[in-house]
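Number of protein chains: 2
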Amino acid sequence: GLQLQLISLLYEEWASYSVFYKYQPIGLVRKYFGEKIGLYFAWLGLYTQMLIPASLVGVIVFLYGCATVDDNIPSMEICHPKNNITMCPLCDRACSYWKLKEACGTARASHLFDNPATVFFSIFMALWAAMFMEHWKRRQMRLNYEWDLTGFEEEEVSDHPRAEYELRVMQKSLKKEHKTQKIGVTFAIVFGVILYRISTKTALHMSNNPTTRSNVRLTVKTTAAIINLVVILILDEVYGAVARWLTVLEVPKTDKSFEERLIFKTFILKFVNAFTPIIYIAFFRGRLVGRPGSYLYVFESYRMEECAHGGCLMELCIQLSITMLGKQLIQNNLFEIGIPKLKKLIRYIKSKRRSFQEEEREKKLQRYETDHFLEPFAGLTPEYMEMIIQFGFVTLFVASFPLAPLFALLNNIIEIRLDAKKFVAELRRPVAARAKDIGIWYNLLRAVAKVAVIINAFVISFTSDFIPRLVYQYMYSPDGSMHGFVNHTLSYFNVSNFQDGKEPMDPQHQVEMCRYKDYREPPWSNTPYVISKEFWAVLAARLAFVIVFQNVVMLMSDIVDWLIPDIPKDISLQIHKEKILMVELFMKEEQGKIQFIDSMMPCGGKEKRNNHAPIARSRSIPHTHSHTHANNF
Amino acid sequence: GLQLQLISLLYEEWASYSVFYKYQPIGLVRKYFGEKIGLYFAWLGLYTQMLIPASLVGVIVFLYGCATVDDNIPSMEICHPKNNITMCPLCDRACSYWKLKEACGTARASHLFDNPATVFFSIFMALWAAMFMEHWKRRQMRLNYEWDLTGFEEEEVSDHPRAEYELRVMQKSLKKEHKTQKIGVTFAIVFGVILYRISTKTALHMSNNPTTRSNVRLTVKTTAAIINLVVILILDEVYGAVARWLTVLEVPKTDKSFEERLIFKTFILKFVNAFTPIIYIAFFRGRLVGRPGSYLYVFESYRMEECAHGGCLMELCIQLSITMLGKQLIQNNLFEIGIPKLKKLIRYIKSKRRSFQEEEREKKLQRYETDHFLEPFAGLTPEYMEMIIQFGFVTLFVASFPLAPLFALLNNIIEIRLDAKKFVAELRRPVAARAKDIGIWYNLLRAVAKVAVIINAFVISFTSDFIPRLVYQYMYSPDGSMHGFVNHTLSYFNVSNFQDGKEPMDPQHQVEMCRYKDYREPPWSNTPYVISKEFWAVLAARLAFVIVFQNVVMLMSDIVDWLIPDIPKDISLQIHKEKILMVELFMKEEQGKIQFIDSMMPCGGKEKRNNHAPIARSRSIPHTHSHTHANNF
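Structure representation (structure tokens):
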């Protein structure tokens, strides 16, 4: 009865897209699915809510980029019709010299993600993350209070050793070095993954087909990114298995620790998997290319690919958007809805085949019967995992992709209702489990937020041209303006210094000097092609920026931590009030007992006992805070 | 009776130097002085204990420095008899050219504090600090458990608004911008202090008297350091007053917040006061000196002082040791023992004068009467403050002064017994106050530990020659050895380029090139005296080191945090066991009641009630955890 009402209420008020703008009825969710799932949806709700301001600011930053694209002197200089700087070929023999003008489009586009506003935005997002953590602490506290969890501690049941563990202990094969071995294996695999991803990426970008390589097109990059995405999606499934296998090897003591270790490993592997290609593009692409005349070659004849003019930021951005959108669309929607529906269908058909006379009953099935055809509840890990990876996309590279929060927001608005539908309709009703916090996930979020600060610092100072522009403006610019920046970032190369067989096949004979993006001495200096003073100056500036950025942001987030109290004022007051109330109450009760004993009146004593004593018995022990009693009066 | 026994016990077992090697009887201390003071001594004990390994490693590092001083190629090169590098004069006109040989002593000495071991040591100390924090959390938890504080919360009494506050509120003059004003004032003062200290330091070091300036002697530095110390000691007292004044201006709501704000301000002021001169020497001395021919002048004719050859590290070290030792000896011992004794004497004499017939009674005074002649208890703030400043000395500049932990250890071994004596003998017995943690002091410790990481990173990379040596060895050294490093760090100056009136008065006519410690182009380059490529390369290396060091150390301390559980395993098990015990107990009790009600036997019920009910009444509410009950069975 009540359950049916509840489920129908959840259908209307929660599991439908029509109410996407409303707060979720967390109370109901908790009533029907238990605290653990309630907390997940509360967290998801707060996260989505917090994404609104973030995506607003992100959009503004992006618009600022669009608005200022025409007053951006460097891209103006590149696109200027009269500019005819001859660039050195981007690959050996096949590629020919090219005019800087050709890079006009990329240069203009990359300004969208490479302007002072993005610096501000990445600081903003770091503080946003700190704010989000704090608000979640408060929300959690509030829910704990409203749900009578303040005194609740994790079931000790889950602390009982697992059978496998005890078996292992009996086998006496659980030695220290054994453990360390396992940890070693884990890290080995993680680094293996990194290397593998980078090498594939490199291979993918290396020049084997001259015709396609001869001009670096956006299409090429896009397809590359898509291939990448597919690889990521496939590997994601593989890594899930790997993590489980590793954890089984480790033989953790309790189910709880088993789950936590599993989550931790899965997180690391999936995170690495999702972000390696991006990190590769952000920090390694186009760094180790060497210089014209002595390029760096991997294997025998594969030359590392350079970034298009205007930094790798553009490619980074494409990679980010495609990976993020792709993951969300394919993984979440296709896998999360499609697969379960399919399984359900199969299971249904199977049972259909079994017998014909059942058909009658099938028509008037009870919920608990239809449940049989539903997917069993697989735990919240995948949901959280997906969200934390998304949180990574929102915070880690936000400096180069200010629209990430918007994408995340749009996804989550759907995601909430999607998960809601799944829990209400597609899954068997899970056993209600108590929990007072989101456990290890909170720590993982913190970790991501911390890493985000340093990664953003590096993206701004090394991937974008922000620092070189500043350095030029304040150290080298004759008139303190950005005019001449492009020329300043390009070094000269004397084509006569090409190694034999490396020079372009169709020699435009008028060229004897070509330019390349690097800070090196010109051919006519007495130390030609060695790294120039400008390079070191810029490098120093970049590193200095990283230090300043990281420490300032960390300080600011600490201040945010410190300004926002963990327990909402009203709640702490409530708890205190109720404590006092309880003291008086118990006093009364005891006095009552005494009177009752002295005056020998069982009935009076009885009802008194029935009022208070049972509560004292049933509640006052498991709960630490005593406000819970007060709730019952 | 009991009290007297207790005090005499404390005398023997605690407040005497003869037991310095023993653990303190914290239990007794807590019984006599209350939890708050008990926690202070427990903390001081743990801190001192933790200092033992730190000082051991410190001594080893120092000895390593001593042992390797003779194989240190740079100082060997400087001291080499055949080396006759002519250095540019250290001041205008009065000073003459000098031979690098003269810096031999300093160079050898500074190796003691500027060798690879110190890098290791500062990492070690950062982890040590993290370890200390964690251990203190555990110790605190254990004490809370043993002292039945697990459920105790700060007295709500102290949350009542202070009279001054309510007055203020009535005057309606406590507006937001008012508050911000006050905060503004605070920071203004803090920065004022910094500027003041730096300027005094500069003035102190600036060349007004040619004869003393003509040769930079250790004696000069030492006296300077001592003068500094005196200034610090005087200002310390001033700042105490300033902080109080500022806090009074702020009119905090409750006594608790008043105390915390006061502590916070006092801490900041005293900290700044203690460390500004040191920070000045570490990071500003000898940086902004300009170069021969165009020195930097403050005011009209005062030239910034350079560091002796071998970096400012030596001077930093002297400043550190003198400040630290001086503060400890004078402030702690003289002020802490001398002043109280004096006051006691005065008070005693006064009372003596009052009357003669009292003399008789005076002879057979009771403790509570003699108490009248004692100093009233002024709170633990000064004790903690002194210790946290010391913690600063131990962690902040440990890279340049590895003996700091040893000094701290020696001081604290005395300090513990000294404070003990003070509490037992010199002070009126304070009102026992409950507390379950050391409050704001813990946060301040954390803050200091955090700042320490970044400061040590900068000391190693900017104050010491560690990075320049590495850069030389791996980038410039012809044979990968340190040979020629000294020569590499010295730039050339053509004496003909001296401005008129700045060249030395006694011209040694054979000199036409002198050397100075900087990375600048030589006079014969086509851009003479401009900052050279080496400078930028070294700077980049230094900044890179800071980034790597800071992040590695922070990561490692996080791991330490995460590896050491906050609650000792045995304690958490105990608490859990006792909880279960309590549940059963209460069940029994309730059943007992029921039986007793049904069978109408008051006596049985009575004794049962006397057993359990009073406990249920008196204890089960104020304490959150129920183990306290179990203690009573």
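Line order of the protein sequences matches chains A and B. The first sequence begins at 1 in UniProt numbering and counts up by one. The second sequence begins at 1 in UniProt numbering and counts up by one. Heads up, the beta-carbon is just placed ideally off N, CA and C, and yes, glycines get one too. Quick caveat: nothing in here was measured; it's all calculated off a predicted structure.
Determine the chain A residues that contact residue i at a beta-carbon separation under 7 angstroms, and present them in chain order.
i                : result
ALA537 (chain B) : TRP536
Roughly how many angstroms separate the alpha carbons of residue i and residue j, rounded to a whole number?
i                : j                : result
LEU585 (chain B) : PHE586 (chain A) : 18 angstroms
SER16 (chain A)  : ILE330 (chain A) : 21 angstroms
LEU406 (chain A) : ASP437 (chain A) : 27 angstroms
HIS488 (chain B) : PRO116 (chain B) : 20 angstroms
THR395 (chain B) : SER122 (chain B) : 8 angstroms
GLN3 (chain A)   : ARG353 (chain A) : 31 angstroms
ASN551 (chain A) : VAL459 (chain A) : 16 angstroms
PRO528 (chain B) : GLY293 (chain B) : 12 angstroms
VAL289 (chain A) : ASP92 (chain A)  : 13 angstroms
TYR11 (chain A)  : GLU383 (chain A) : 20 angstroms
LYS593 (chain A) : GLU146 (chain A) : 31 angstroms
ARG609 (chain B) : ARG142 (chain A) : With a pLDDT of 41 at ARG609 (chain B), under the threshold of 50, the predicted position of this residue should be treated as unreliable, and no value is reported.
TRP136 (chain A) : ILE389 (chain A) : 18 angstroms
ASP570 (chain B) : SER8 (chain A)   : 48 angstroms
TRP43 (chain A)  : ALA435 (chain A) : 13 angstroms
ILE531 (chain B) : ILE279 (chain A) : 35 angstroms
SER55 (chain B)  : MET131 (chain B) : 15 angstroms
SER321 (chain B) : GLU315 (chain B) : 10 angstroms
Does any C-beta atom of chain A lie closer than 8 angstroms to the C-beta of residue i?
i                : result
LYS588 (chain B) : no
LYS176 (chain B) : With a pLDDT of 47 at LYS176 (chain B), under the threshold of 50, the predicted position of this residue should be treated as unreliable, and no value is reported.
Taking Cβ positions only, does residue i come closer than 8 angstroms to chain B?
i                : result
ILE454 (chain A) : yes
Worksheet item: Name the residues in the stretch 537-552 of chain B whose C-beta lies less than 7 angstroms from a C-beta of chain A; which are they?
Response: ALA537, LEU539, ALA540, LEU543, ALA544, VAL546, ILE547, ASN551
Worksheet item: Which residue spans inside the stretch 512-593 of chain A form an unbroken alpha helix (DSSP H) run of at least 4?
Response: 533-563
Practice prompt. Would you list, in chain order, the members of the stretch 279-299 of chain A that have their beta-carbon closer than 7 angstroms to a beta-carbon of chain B?
Written response: Of all residues in the stretch 279-299 of chain A, none has a Cβ within less than 7 angstroms of some Cβ in chain B.
Fill in: Proximal residues, the stretch 249-276 of chain A versus chain B, C-beta separation under 9 angstroms
none
Worksheet entry | Interfacial residues, the stretch 513-534 of chain A to chain B, with Cβ spacing under 8 angstroms | Those would be SER532, LYS533, in chain order.
Discussion item. Runs of 3 residues minimum, wholly inside the stretch 117-142 of chain B: which ones carry the beta strand (DSSP E) assignment?
Written reply: Entirely contained in the stretch 117-142 of chain B, not one beta strand (DSSP E) run reaches 3 residues.
Item to complete: With a floor of 4 residues, list each alpha helix (DSSP H) that falls wholly inside the stretch 35-97 of chain B, ordered by position along the chain.
Response: 35-68, 73-79
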